[in-house]
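For reference, the structure discussed in these notes is given below.
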Amino acid sequence: MKGVQLEEYGGPEVLQLIDMEKPVPTGHEVVIEIKAIGVNYADTARREGKYVVKTPLPFIPGAEIAGVVVEVGDQVTKVKPGTRIVTLIESGGYAEFALADERSVIPIPEHLDFHTAVALPLQGLSAYHILKTMGRLEKGESVLIHAAAGGVGTIAVQLAKLFGAGKIIATASSDEKLASAREMGADVLINYTEPDWEQQVLDATGGRGVNVALEMVGGDVFNKTVKCLATFGRLVIFGAASGEQSRFYPGTLMARNQSVIGFFLPQIMRKPELLQPSLVELFSYLGEGKLKLTIGGVFPLKDAAMVHTLLQSRKTQGKLILEP
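Written as structure tokens, this is what we have:
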């Protein structure tokens, strides 16, 4: 089969399309003929050797795939060949075939195509569990969503509305992106390139601050976001796109009972009781028209390097997808 592999860390040029062995299932594993691959910032971090956990070399990127089960291991009981599925895997998605554990695959509802199905899991599950599991968002509470026109942000705005948030404050870097956030349901729009954006957040909440904040930039944005928290406020970190670490003094949280919480989706993936029901719920929102996804482009697998360049330009909107 064909697959994309990297043998050294670096820029998009280290991604090489090569011939490799087709996987063989054992135990609870299934082989998936891949029809669509979601491209994510985690893939670029893996490629650069900057991921949250160490990336072994050589490495086949790709954690988000949709396709058809074509072979099953000798202990598989829940999935049959021919089933259309979507799943998240640790690696190996940039290929024509991949292995997955039967307990991690979710059948794709009949009304969804492969592109729509693969555009949901990583960003959708991240937004869902950042808000609900880690952020513990309750009805009527205010929420601050940075990069609200991005993959996670676009879904988080919509889910916050579905979960009953009282006020959704969205930040982005341009008027165009803020307009997109408004279409998704944001109540307050703030351009975070403006030097006083954190004061605008406080003003929008009558000086109280927000109950939940989603932060994935790091550096100065993190420090300013902490200042935006209400008493009992929760800040959930799910990335550090700026590459900057923040100097943080935990004692500052004590006076107002505030929390800073880390989120890493693979930990959710290791708990089927959290993963599967939430993905089924997200699919139901799609089917009912309550959740909208944007496909930013579909490209052949051989163009993986070019797609990484596009993604990191930060000029794209919507999900970028590869097809074997």
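Taking my numbering, the leading residue of the sequence shown gets 1475, the next gets one more, and so forth. We treat Cβ as the ideally placed atom computed from N, Cα and C, and that holds for glycine.
* If you draw a straight line from the C-alpha of C1702 to the C-alpha of G1725, how long is it? -> Locating residue 1702 in the sequence shown gives position 228, where the first residue counts as 1. Locating residue 1725 in the sequence shown gives position 251, where the first residue counts as 1. Straight-line Cα distance between these residues: approximately 16 angstroms.
* If we call anything under 8 angstroms between Cβ atoms a contact, is V1478 one with P1535? -> Counted from its first residue, the sequence shown places residue 1478 at position 4. Counted from its first residue, the sequence shown places residue 1535 at position 61. Cβ atoms of V1478 and P1535: closer than 8 angstroms.
* Please determine if the region 1619-1626 and the region 1651-1663 are in contact, where contact requires at least 3 C-beta pairs separated by less than 8 angstroms. => yes
* Beta-carbon contacts of F1722 that lie in its chain and below 6 angstroms, excluding the five residues immediately before and after -> Locating residue 1722 in the sequence shown gives position 248, counting from the first residue. Closer than 6 angstroms at Cβ, skipping near neighbours: no residue.
* Asked: Less than 8 angstroms separating the beta-carbons of V1543 and K1552?
  -> Against the sequence shown, residue 1543 aligns to sequence position 69. Against the sequence shown, residue 1552 aligns to sequence position 78. For V1543 and K1552, no; Cβs fall outside 8 angstroms.
* Extent of the continuous beta strand (DSSP E) run through N1685 -> Numbered from 1 along the sequence shown, position 211 holds the residue referred to as residue 1685. Run containing N1685: V1684 to E1689, per the beta strand (DSSP E) assignment.
* **Classification of T1667 by the beta-carbon crowding that lies within 10 angstroms, buried from 16 upward** => Taking the first residue of the sequence shown as position 1, residue 1667 is located at position 193. That one is exposed.
* Euclidean distance between Cα positions of I1664 and Y1602 -> The residue given as residue 1664 occupies position 190 in the sequence shown. The residue given as residue 1602 occupies position 128 in the sequence shown. In a straight line, the C-alpha of I1664 is about 23 angstroms away from that of Y1602.
* **Three or more C-beta pairs below 8 angstroms linking the region 1574-1591 and the region 1609-1618** => no
* Taking buried to mean at least 16 other C-beta atoms within 10 Å of its own C-beta, is G1713 buried or exposed? -> Walking along the sequence shown from the start, residue 1713 turns up at place 239. So G1713 ends up on the buried side.
* To do: Out of G1681, L1688 and E1718, point me to the one whose CA is closest to T1705's CA.
  => Position 231 of the sequence shown, counted from the first residue, corresponds to residue 1705. The candidate whose alpha carbon is nearest that of T1705 is G1681.
* Mind checking whether I1508 and G1485 have CB atoms under 8 angstroms apart? -> Residue numbering aside, residue 1508 sits at position 34 when the sequence shown is read from its first letter. Residue numbering aside, residue 1485 sits at position 11 when the sequence shown is read from its first letter. It is not a contact, given that the beta carbons lie outside the stated cut-off.
* To do: Compute the Euclidean distance between the alpha carbons of L1794 and G1640, then round it to the nearest angstrom.
  => Numbered from its first residue, the sequence shown carries residue 1794 at position 320. Numbered from its first residue, the sequence shown carries residue 1640 at position 166. If I take the Cα positions, the gap works out to 31 angstroms.
* **Proximity of T1790 and G1761 at Cβ, strictly below 8 angstroms** => As a position in the sequence shown, residue 1790 is number 316, starting the count at 1. As a position in the sequence shown, residue 1761 is number 287, starting the count at 1. No, these two residues do not count as a Cβ contact at 8 angstroms.
* **Member of A1729, K1476 and T1679 whose CA lies at the smallest distance from the CA of Y1567** => Looking up residue 1567 in the sequence shown gives position 93. Inspection of the sequence shows that residue 1567 is occupied by Gly rather than by Tyr. The candidate whose alpha carbon is nearest that of G1567 is K1476.
* What's the C-alpha gap between E1487 and G1627? -> Mapped onto the sequence shown, residue 1487 falls at position 13. Mapped onto the sequence shown, residue 1627 falls at position 153. Cα-Cα distance, rounded: 29 angstroms.
* State the DSSP-derived secondary structure class of G1592, mapped to helix, strand or coil. => Here residue 1592 refers to the residue found at position 118 when the sequence shown is read from its first residue. Checking the sequence shown, residue 1592 turns out to be Val, not Gly. DSSP places V1592 in helix when its eight states are reduced to three.
* To do: Tell me the start and end of each unbroken alpha helix (DSSP H) in the region 1550-1580 that is at least 4 residues and wholly inside, in chain order.
  => none
* Asked: With C-beta atoms as the reference, is L1594 less than 8 angstroms away from L1785?
  -> For the purposes of this step, residue 1594 is identified with residue 120 of the sequence shown, where counting begins at 1. For the purposes of this step, residue 1785 is identified with residue 311 of the sequence shown, where counting begins at 1. No, they are not a contact pair.
* To do: Can you tell me which of L1676, G1707, I1604 and A1653 puts its alpha carbon nearest to the alpha carbon of I1742?
  => Counted from its first residue, the sequence shown places residue 1742 at position 268. If we check each option's Cα against that of I1742, I1604 comes out closest.
* In this structure, does DSSP put G1609 in helix, strand or coil? -> The count along the sequence shown starts at 1 and reaches residue 1609 at position 135. The answer is coil: DSSP assigns G1609 none of H, G, I, E or B.
* **Extent of the continuous beta strand (DSSP E) to which L1618 belongs** => On the sequence shown, position 144 is the one that residue 1618 refers to. That run of the beta strand (DSSP E) goes S1616 to I1619.
* **Pairwise C-alpha distance: N1514 and R1788** => Locating residue 1788 in the sequence shown gives position 314, where the first residue counts as 1. Locating residue 1514 in the sequence shown gives position 40, where the first residue counts as 1. Taking the straight line from one Cα to the other gives about 12 angstroms.
* Looking at C-alpha atoms only, which residue of M1690, P1581, D1670 and Q1719 is the closest neighbour of A1630? -> Here residue 1630 corresponds to residue number 156 of the sequence shown, with the count starting at 1. Of the listed residues, the one whose Cα sits closest to A1630 is M1690.
* Asked: Does DSSP classify Q1479 as helix, strand or coil?
  -> As a first step, residue 1479 is located in the sequence shown; it is residue number 5 there, counting from the start. If DSSP states are grouped into helix, strand and coil, Q1479 belongs with the strands.
* Which residues in the same chain have their Cβ closer than 6 angstroms to the Cβ of E1598, if we skip the five residues on either side of it in sequence? -> Here residue 1598 corresponds to residue number 124 of the sequence shown, with the count starting at 1. Reading off the sequence shown, one finds Gly at residue 1598, where the question assumed Glu. The answer, listed in chain order, is I1629 and L1756.
* Asked: For Y1759, which option in A1644, L1636, R1610 and V1684 has the closest C-alpha, if you only look at C-alpha atoms?
  -> The residue given as residue 1759 occupies position 285 in the sequence shown. When each option's Cα is compared against that of Y1759, the closest is L1636.
* Close-in-space but distant-in-sequence residues of the same chain around K1651 (CB under 7 angstroms, 5 per side omitted) -> Start at 1 with the first residue of the sequence shown, and residue 1651 comes out as number 177. The answer, listed in chain order, is A1623.
* Determine, using beta carbons only, whether P1497 and F1571 come nearer to each other than 8 angstroms. => Numbered from its first residue, the sequence shown carries residue 1497 at position 23. Numbered from its first residue, the sequence shown carries residue 1571 at position 97. Yes. Within cutoff.
* **Simplified DSSP assignment, three categories, for S1648** => Taking the first residue of the sequence shown as 1, we reach residue 1648 at position 174. Correct three-state label for S1648: coil.
* Status (buried if at least 16 other CB within 10 Å, exposed otherwise) for E1481 -> Mapped onto the sequence shown, residue 1481 falls at position 7. When all chains shown are included, E1481 counts as exposed.
* Could you check the C-alpha separation between G1763 and A1729 for me, to the nearest Å? => Start at 1 with the first residue of the sequence shown, and residue 1763 comes out as number 289. Start at 1 with the first residue of the sequence shown, and residue 1729 comes out as number 255. If you take the alpha carbons of G1763 and A1729, they lie about 43 angstroms apart.
* Return the first residue and the last residue of the alpha helix (DSSP H) that G1625 is part of. => Start at 1 with the first residue of the sequence shown, and residue 1625 comes out as number 151. First-last of the alpha helix (DSSP H) with G1625: G1625 to L1636.
* Start and end of the beta strand (DSSP E) containing P1751? -> The count along the sequence shown starts at 1 and reaches residue 1751 at position 277. Not the beta strand (DSSP E): P1751 falls in the alpha helix (DSSP H), residues P1746 to G1761.
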